[in-house]
Amino acid sequence: MLQRLFSFKGGVKPQTHKTPSVQEPIAIAPLPSRLYVPLHQSIGGAANPLVEVGERVRKGQVIGGADAWLSAAAHASTSGTVLAIEEHLAAHPSGLPTLSVVIEPDGRDEWVERTPLDHRSLPPEQVREALRDAGVVGLGGAVFPSHAKLTTAAGVAVEELVINGAECEPYMSCDDVLMRERAEEIVRGIAIFRDLLAARQVLIGIEDNKPEAVAAMQQAVEQVGEDYQVVAVPTRYPAGGAKQLIRVLTGKEVPASKRSTELGVQCFNVATVYSAYRALAFGEPVISRIVTLAGNLERPRNWEVRLGTPLRDLLALGRPKADTDRYLMGGPMMGFALPSLDAPVVKASNCIIAASPTMFAPSPPEMPCIRCGACAEVCPHELQPFELYWFSRARNFGKTQEYHLFDCIECGCCSYVCPSHIPLVQYFRFAKSEIWSREREKNGADAAKARFELRNAREEREQAEKAARLAKGAAARAAEKQARAVVAVEPATADSAADSAADSAVSVASPPLKPVDAPAPVAAIAPASPAPPEAPAPELDAEAIKKATIVAAMERARAQRAAVQPRNTDQLTVEQKRQLAAVDARRAALQAEELEEAAERGAARASVETPKQVEKQGRTAE
Amino acid sequence: MMDFSTPPYLLQERISVRRVMVQVLLALLPGVAAYVWLIGPGIVVQLVIATLTALAGEALMLGLRRKPLALFLSDGSAIVTAWLIALSFPPLAPWWLIVVGTLLAIVVAKHLYGGLGQNPFNPAMVAFAACIVSFPALMSQWPALGLKLGFLEQLQIIAGLAPRIDVMSGATPLDALKTALKLSDGSIDVPTLLATQEVFGNFAGRGWEWVAGGYLLGGLYLWQRKLISWHAPFGFILGLSLLAAALWAWNPQQFANPLFHLFSGGALLGAFFIVTDPVSGCTTPKGKLIFGLLAGLLAYIIRVFGGFPDGVAFAVLLMNLCVPLIDMYSQPPVFGLKDEP
């Protein structure tokens with residue numbers, strides 16, 4: 001059956017340079033002398049360390065537990081001893097360190113106990129948890145926790161499950177060799193995702209420059225007896241972008257503002273599917289991945305590498321040529337220059353390219369934009385990159401959003417074709433980060449404003465209460481005086497007058513002898529609350545309501561504070577983290593104090609009432 | 001230390017502003033060749049004068065603006081402007097007129113607005129409009145036809161060493177037609193004029209029709225190389241031809257046919273080399289089409305009913321003013337957001 005193909009607008013056709021690295025099959029990279037396994041290897045929360053220095057760990061043992069729903073676990077990639085849990089340089093363009101578990105392998109490569117699971121016999125929720133705890137994340141490079149993508153949108157059935165084997169970045173071939181060599185596991189793994197999403201149709205998209213992978217996958221599909229369709233899609237960068245592949249295979253266009261499941265489609269990379277299969281069918285968490293070593297090397301090849309292997313050890317296997325001047329992680333279109341080879345291989349490390357000045361010539365000097373529109377023609381999201389560029393440059397961020405800045409996927413096509421050699425993507429990243437930080441600041445300011453208003457309200461209330469108490473005292477004294485003076489008047493009436501005076505601060509001005517039946521209307525406000533026999537019930541209820549509103553307001557303020565993500569906290573040193581923790585502790589203590597105070601005030605008020613009550617009772621007894 | 005340059009590391013080979021400009025100059029060559037062959041080699045002198053003036057003006061302004069001289073001087077944009085000026089001015093205009101025009105374009109219309117990529121108006125058209133307003137007589141003097149002058153004679157006229165009066169009695173075909181119709185006051189019709197007067201050739205101006213053909217050829221080359229899109233030229237040709245066809249169909253005695261208008265004056269040079277200017281034109285496909293269409297309509301109205309021999313320059317300048325508004329209303333829908341209003 002022929003699958004009808006759609007096309008996406010734009011895109012470019014750079015030379016692919018994939019052939020050198022697919023000449024040999026995948027090889028297993030040797031065990032390095034040290035492994036540096038970062039605890040934060042996915043989008044979302046960093047995993048919390050679960051091991052201690054000196055502890056012996058086994059291969060596959062969880063060393064970092066998923067921190068939140070959007071997080072994934074980290075595992076020891078071999079057996080050995082934990083030497084340290086410390087900051088180590090990460091494979092990140094910033095060159096900042098991240099908390100990592102340093103393991104000295106014992107060479108025995110001894111597995112932790114593995115428990116295979118059958119996803120069909122488990123409730124979906126447990127399958128998702130199992131995937132999270134096995135550290136399954138998007139291995140295409142985005143490292144988004146896979147389990148978080150496995151929930152359908154309310155009321156929308158998943159029509160198509162797209163399996164991404166397009167691999168459009170030049171030089172990269174890790175998915176290609178994986179499909180060639182391990183097609184059956186991928187095909188079997190697809191069932192997990194298909195069943196969890198109840199997808200009606202499975203479409204496997206592979207760029208047509210990988211005929212071997214297409215054939216292998218087709219054969220595996222037949223062999224396993226599934227009805228998946230393996231589709232060769234035209235080779236055009238960025239056909240491997242999730243949104244582009246979804247468009248090509250289904251005709252659906254997913255905007256930045258929507259999740260793909262809202263349009264009844266979801267997309268997973270082939271390597272992710274493979275790792276999910278290993279995780280469930282064999283109980284093997286994600287402890288290695290296929291990494292392409294390409295570029296200026298004597299021996300380009302794909303390696304199955306343990307996560308945490310220092311890049312220096314890995315690159316030695318490829319034997320970089322003498323004129324290599326830098327190393328890139330990811331492809332040449334979207335990847336970044338590695339700050340140092342001390343960084344380890346992580347789940348996002350799909351490809352390491354040794355680069356030389358002749359391979360990637362330095363970009364010529366930036367010229368002014370001549371509005372030629374070449375960028376708009378190649379933009380796969382049909383944006384007007386030059387307009388975004390003008391607005392970003394002018395820091396007119398409102399306009400950039402009007403022109404859909406956040407629909408930009410940073411594929412680099414615009415920069416690739418720009419005759420003025422403008423690094424457009426850099427401008428867009430700048431604009432995006434500026435907008436994000438401004439939003440955070442605004443949220444912070446809002447929270448501060450809420451706090452300020454809350455405090456003002458509290459102070460006002462306290463003053464009013466103080467005034468009321470004074471008034472009450474005065475009224476009581478006045479009533480007593482009058483009660484003594486006018487013998488004919490029932491003492492209880494005077495008392496109720498005093499009460500009513502206390503209830504509203506305004507009533508200071510009201511004539512003290514006005515006969516009011518005060519308790520009845522107040523009780524009507526909160527009739528449901530249990531009334532302790534000795535305490536004046538309505539008073540306490542009003543107090544409870546007040547207290548509840550205070551607590552609710554403080555809760556809101558806290559939620560707002562929590563929503564404000566602190567800036568640049570992804571990459572912090574231990575020292576900075578410690579300081580942050582101290583600040584948080586202080587803040588928590590202050591908040592607790594505030595709460596306590598509020599509670600105390602309530603209690604104090606109640607105790608203020610009591611003597612009067614006693615007095616009242618006493619008087620009634622008289 | 002490692003390199004911290006930014007992605008993409010892979011850049012398209014052989015792409016730069018200079019290469020774009022060189023392609024545009026190449027695309028002008030068929031028109032220039034026809035010009036030299038049919039009108040005279042004097043145009044080569046004009047091209048050289050304009051080029052040198054443009055480079056000098058560019059260097060001066062870059063110096064004043066403290067911009068890297070070599071980088072911008074070699075981008076070729078000033079040369080393209082210079083050539084467009086030389087090709088749209090009278091072939092035997094005195095040298096200083098070309099110099100004044102070129103300096104107006106480079107210094108005023110380009111650099112005073114901020115240089116490459118910043119000018120809201122097409123520099124060459126600013127030069128043309130300013131000169132035709134300031135020196136109407138000189139800008140309307142075209143060599144009388146049938147007067148085949150050698151290179152040296154043309155050079156002398158351009159240099160101001162030979163008397164101009166004797167040779168410069170001609171007019172452009174557009175001007176000739178307009179003047180003849182005005183003078184005859186209805187006693188003579190367009191077909192007769194086109195058939196009898198020496199200034200007219202097979203379907204437009206004698207000689208000039210082939211120069212225009214050369215521009216068409218160059219324009220198609222630019223389109224084929226994807227350096228220009230079809231929208232603006234198509235819109236311009238459509239706008240000009242539609243109005244010409246409508247009036248011609250209504251009264252063929254008083255209005256020339258669309259083919260005559262297309263191949264006369266600056267129509268085809270304008271269609272492929274002026275309204276396609278990315279800097280001063282619209283940027284969206286729909287915008288380019290609207291820009292071209294309205295420029296074509298305006299050009300016809302100005303050249304037929306206005307007081308100037310041709311209307312392309314004024315039409316383009318007027319449309320340059322409308323660019324931000326047209327762009328704003330012609331933004332194409334974005335991936336995934338096409339159903340939204």
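Those protein sequences? They're chains A and B, same order as listed.
Under UniProt numbering, think of the first position of the first sequence as 1, with each following residue one higher.
Under UniProt numbering, think of the first position of the second sequence as 1, with each following residue one higher.
In this text, a Cβ means the ideal position worked out from N, Cα and C, and glycines have one as well.
Annotation for B/N320: the continuous alpha helix (DSSP H) segment containing it runs 312 to 329. Residue pairing by DSSP places A/E304 opposite A/I28, A/I290 in a beta bridge. With respect to chain B, the C-beta atom of A/L96 has no partner C-beta closer than 8 Å. When C-alpha distances from A/I63 are compared across A/G54, A/I192, A/N48, the shortest belongs to A/N48.
Beta-bridge partners of A/T81 (DSSP): A/R56, A/E104.
With respect to chain B, the C-beta atom of A/M329 has no partner C-beta closer than 8 Å. Taking a Cβ-Cβ cut-off of 7 Å, the neighbours of A/Y416 in chain B comprise P8, L10, L11, Q12, given in sequence order. Look at the beta carbons and you see the segment 230 to 244 of chain B not touching the segment 171 to 179 of chain B: under three pairs across the two are nearer than 8 Å. Under the criterion of beta carbons closer than 8 Å, A/L307 and A/I287 qualify as touching, at roughly 6 Å. For B/I15, at least one C-beta of chain A is nearer than 8 Å to its own C-beta.
Residue pairing by DSSP puts A/R326 in a beta bridge opposite A/A355. For B/L104, the CB contacts under 7 Å within the same chain, skipping 5 residues up- and downstream, are V126, A127, A130 in chain order.
With a threshold of 8 Å between beta carbons, B/T283 makes contact with chain A.
Excluding the 5 residues flanking it on each side, B/A27 has same chain C-beta neighbours closer than 6 Å at G218, Y221, L222, in chain order. Listed in chain order, the alpha helix (DSSP H) elements of length 4 or more contained wholly in the segment 162 to 204 of chain A are 174 to 181, 183 to 197. Contact check for A/T250 and A/D208: beta-carbon distance about 18 Å, past the 8 Å limit, so the pair fails to qualify. Residues H231, A232, P233, F234, G235, F236, G239, V275 of the same chain have their beta carbon placed closer than 7 Å to that of B/G292, with the five preceding and five following residues left out of the count. At a cut-off of 8 Å, the C-beta of A/H75 has no neighbouring C-beta in chain B. Only those residues of the segment 192 to 223 of chain A whose C-beta falls short of 9 Å from the nearest C-beta of chain B would be listed, and there are none. When C-beta distances to chain B are compared with 8 Å, the residues of the segment 333 to 348 of chain A below that value are M333, M334, G335, F336, A337, L338, P339, S340, in chain order. Scanning its chain for C-beta atoms nearer than 6 Å, with the 5 sequence neighbours on each side dropped, one finds around A/H40 the residues A46, T98, in chain order. The continuous alpha helix (DSSP H) containing B/Q46 extends over residues 42 to 64.
Close to A/L383, with beta-carbon spacing below 7 Å, are these residues of chain B in chain order: V334. Comparing alpha-carbon positions, the option among A/P170, A/E434, A/P32, A/Q482 lying closest to A/G80 turns out to be A/P32. Excluding the 5 residues flanking it on each side, A/L131 has same chain C-beta neighbours closer than 7 Å at S146, H147, A276, A279, in chain order. According to the DSSP assignment, A/L35 belongs to the beta strand (DSSP E) that extends over 35 to 38. CA-to-CA, the gap between B/Y9 and A/I422 works out to about 13 Å. Within the same chain, Cβ atoms closer than 7 Å to the Cβ of B/T283 are found at D327, the five residues on either side in sequence being excluded.
Note on A/Q126: under 16 other CB atoms within 10 angstroms of its CB, so exposed under the neighbour-count rule. By the Cβ criterion, the segment 255 to 275 of chain A is in contact with the segment 152 to 164 of chain A, since at least three pairs of Cβ atoms, one from each stretch, lie closer than 8 Å.
Below the 7 Å Cβ cutoff, chain B contributes V17 as neighbours of A/S420, in chain order.
By the criterion of at least three beta-carbon pairs nearer than 8 Å, the segment 18 to 26 of chain A is in contact with the segment 174 to 189 of chain A. DSSP places A/I409 outside both helix and strand once states are collapsed to three, so it counts as coil.
Assignment of beta-bridge partners to A/F144 by DSSP yields no partner. A/R200 and A/V221 have their C-alpha atoms roughly 16 Å apart. With fewer than three CB-CB distances shorter than 8 Å, the segment 153 to 161 of chain A does not count as touching the segment 292 to 308 of chain A.
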